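Just below is one structure, and these are the notes that go with it.
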Amino acid sequence: MTDYDPKPNERRPFSLMRWIDDHREELVPPVANKQIWRESDMIVMIVGGGNERNDFHDDPREEFFYQIKGDMNLVIWPEAGTEPFDMPIRQGEIYLLPPNVRHSPQRPDKDSIGLVVEYARSPGELDGFEWVCPSCAELVHRVEVQLQEIDKDLPPLFAAFEADEEARTCPNCSVLHPGKAGRL
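The sequence shown: position 40 = 1338 (the numbering used here), numbered continuously.
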């Protein structure tokens, strides 16, 4: 085993499990992830559990999931007006999510650990974050952002939705989205 801790622009093999142990305190909600390299064309991150999101991510690129420890559930929302459905990813399983598939990663087990790999976004390539009405399954709110550092960019976005009652009100049926109190 190596004592290597990856630094930007430095590429050598290292123990991923040791890196996870060294950064476990950073793998906490609301986003619960930590990017391994900042200077890369790939976003390689470790995602911890104890995380149940109520938003859907619309990624313009593919996402690769490898569930290292424990299980997770990827909730898929095909389109507005349709009910989301569950896609379990169990320990040891991998999954390649196609681009622009709205999904909500659910990791209720606080001890679960996953590896997620995404392409870095090109300038102008936006990610969407959407909230679905728990009553009629219509789109409640969508935000598009240029992601730079996913583990730093998402918490303010989630907090803004949580604080905005107008953004949380369904334009179709007027039901108020419960915000972080609601679970998918």
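Idealized CB from N, CA, C, for every residue including glycine.
The structure presented is a predicted model; accordingly, all values stated were derived computationally and were not measured.
Can you tell me the Cβ-Cβ gap for residue i and residue j, rounded? I've got them flagged as a contact below 8 angstroms.
{"i": "Arg1405", "j": "Gly1348", "result": "7 angstroms"}
{"i": "Arg1400", "j": "Glu1428", "result": "6 angstroms"}
{"i": "Leu1424", "j": "Gln1444", "result": "6 angstroms"}
{"i": "Arg1466", "j": "Val1438", "result": "6 angstroms"}
{"i": "Ala1394", "j": "Glu1350", "result": "The question names Ala, but residue 1394 is Leu in the sequence shown. Contact doesn't hold; Cβ gap of about 23 angstroms is too wide."}
Return helix, strand or coil for residue i, following the three-state DSSP convention.
{"i": "Trp1335", "result": "coil"}
{"i": "Phe1312", "result": "coil"}
{"i": "Glu1361", "result": "strand"}
{"i": "Glu1324", "result": "helix"}
{"i": "Leu1474", "result": "strand"}
{"i": "Asp1319", "result": "helix"}
{"i": "Pro1421", "result": "coil"}
{"i": "Thr1300", "result": "Confidence at Thr1300 is low in this model, with a pLDDT of 45, below 50, so the placement of that residue is unreliable and no value is reported for it."}
Where do the N-terminal and C-terminal ends of the alpha helix (DSSP H) with residue i fall, by residue?
{"i": "Leu1372", "result": "Segment 1370–1374 is the beta strand (DSSP E) holding Leu1372; no alpha helix (DSSP H) there."}
{"i": "Glu1460", "result": "1448–1461"}
Could you pull the start and end residues of the beta strand (DSSP E) that residue i belongs to?
{"i": "Leu1413", "result": "1411–1417"}
{"i": "Gln1404", "result": "1401–1405"}
{"i": "Arg1440", "result": "1437–1443"}
{"i": "Glu1428", "result": "1425–1430"}
{"i": "Asp1353", "result": "Per DSSP, Asp1353 belongs to no beta strand (DSSP E) and is neither H nor E."}
{"i": "Pro1397", "result": "Note, Pro1397: premise wrong, no beta strand (DSSP E); not H, not E."}
{"i": "Gly1346", "result": "1340–1346"}
{"i": "Pro1386", "result": "1383–1387"}
Out of the options, point me to the one whose CA is closest to residue i's CA.
{"i": "Asn1352", "options": "Pro1396, Ile1448, Ala1435, Phe1363", "result": "Ala1435"}
{"i": "Asp1319", "options": "Arg1309, Gly1346, Asp1357, Gln1365", "result": "Gly1346"}
{"i": "Pro1396", "options": "His1321, Phe1362, Ile1334, Glu1350", "result": "Phe1362"}
{"i": "Arg1309", "options": "Met1315, Glu1324, Ile1334", "result": "Ile1334"}
{"i": "Phe1383", "options": "Ala1330, Lys1408, Pro1403, Asn1398", "result": "Pro1403"}
{"i": "Met1315", "options": "Thr1380, Pro1358, Ile1366, Glu1381", "result": "Ile1366"}
{"i": "Ala1418", "options": "Asp1357, Asp1407, Ala1330", "result": "Asp1357"}
{"i": "Val1326", "options": "Glu1381, Lys1408, Arg1359, Asn1398", "result": "Lys1408"}
{"i": "Val1342", "options": "Asp1449, Glu1350, Ser1433, Phe1354", "result": "Asp1449"}
{"i": "Pro1451", "options": "His1321, Ser1313, Lys1332", "result": "For the record, residue 1451 in the displayed sequence is Asp; it is not Pro. Looking at the Cα atoms, Lys1332 is the closest of the given residues."}
{"i": "Trp1317", "options": "Pro1421, Arg1359, Ile1344", "result": "Ile1344"}
{"i": "Met1370", "options": "Pro1432, His1355, Gln1389", "result": "Gln1389"}
{"i": "Gly1426", "options": "Pro1311, Glu1323, Phe1354, Phe1312", "result": "Phe1354"}
Does any residue of chain D bring its CB to less than 9 angstroms from the CB of residue i?
{"i": "Ser1402", "result": "Of the protein chains in this structure there is only one, and it is not chain D."}
Quick test of the definition: if touching needs 3 or more C-beta pairs under 8 angstroms, does the segment 1369–1378 touch the segment 1324–1341? no
I'd like to know if the segment 1470–1480 and the segment 1445–1462 are in contact, where contact means that at least 3 CB-CB pairs between them fall below 8 angstroms.
yes
Determine, using beta-carbon pairs with one atom in the segment 1461–1473 and one in the segment 1409–1417, whether at least three such pairs fall under 8 angstroms. no
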